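Each remark here refers to the structure printed beneath this line.
In our numbering, the protein residues as written are 11 to 200.
Here it is, written out as structure tokens:
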């Protein structure tokens with residue numbers, strides 16, 4: 011039996027699957043359409059926390075007196091945020107950048123309870139990728155599983171290129187489950 015007393019402010023199928031994995035299913039999915047542009051000089055952690063908060067706030071305005079859950083996840087190299095690639099050429103550049111190096115995956119989760127109280131958590135994980143050949147990059151890009159994601163989908167074929175993960179696997183997928191469950195339990199959804 012799923013715990014359902016909340017609205018998910020995300021259309022991400024990965025977030026929905028992750029929630030179900032720990033016994034939660036939103037009573038409604040209401041993705042927030044917000045401007046996801048980075049502000050000048052904004053650091054990745056500040057950006058991802060702001061995105062999760064703004065998504066939750068927009069959905070809360072449209073659904074008053076409801077519990078709202080929102081999240082956001084980005085891949086970054088140093089302070090450079092890898093926004094969603096718009097085409098194969100951009101994704102090829104992303105793959106070349108990630109090849110043989112460590113990147114950070116930052117995942118923020120935000121809950122606004124029916125009284126308007128805001129709770130937020132942010133988790134940073136490291137993903138270390140093997141050096142990729144031109145053929146591996148071409149195959150990954152051609153598969154298009156990266157579409158709609160910042161960087162890559164760890165739960166797809168990219169997993170075969172990952173040498174090491176330090177941190178939260180579920181956070182890398184798109185929603186840090188330990189923190190999410192604690193936030194939902196904290197507003198009485200148990």
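A virtual CB, placed ideally from N, CA and C, is assigned to each residue, including glycine. Only a predicted model underlies this, so the values are computations on that prediction, with no experimental measurement involved.
- For residue 118, the uninterrupted beta strand (DSSP E) segment begins and ends at 112-122.
- Residue 114 counts as buried, since at least 16 other C-beta atoms from the protein chains shown sit within 10 angstroms of its C-beta.
- By the Cβ test, the segment 114-132 is in contact with the segment 75-85, since at least three Cβ pairs between them sit closer than 8 Å.
- Per DSSP, residue 85 is not a residue of any alpha helix (DSSP H); the beta strand (DSSP E) it occupies stretches across 78-87.
- DSSP places residue 91 inside the beta strand (DSSP E), whose first and last residues are 90-92.
- Between residue 110 and residue 148, the alpha-carbon positions lie close to 16 Å from each other.
- Counting the other Cβ atoms within 10 Å of the Cβ of residue 34 gives 16 or more, which makes it buried.
- In this structure, the CA atom of residue 136 is about 10 Å from the CA atom of residue 86.
- Residue 24 counts as buried, since at least 16 other C-beta atoms from the protein chains shown sit within 10 angstroms of its C-beta.
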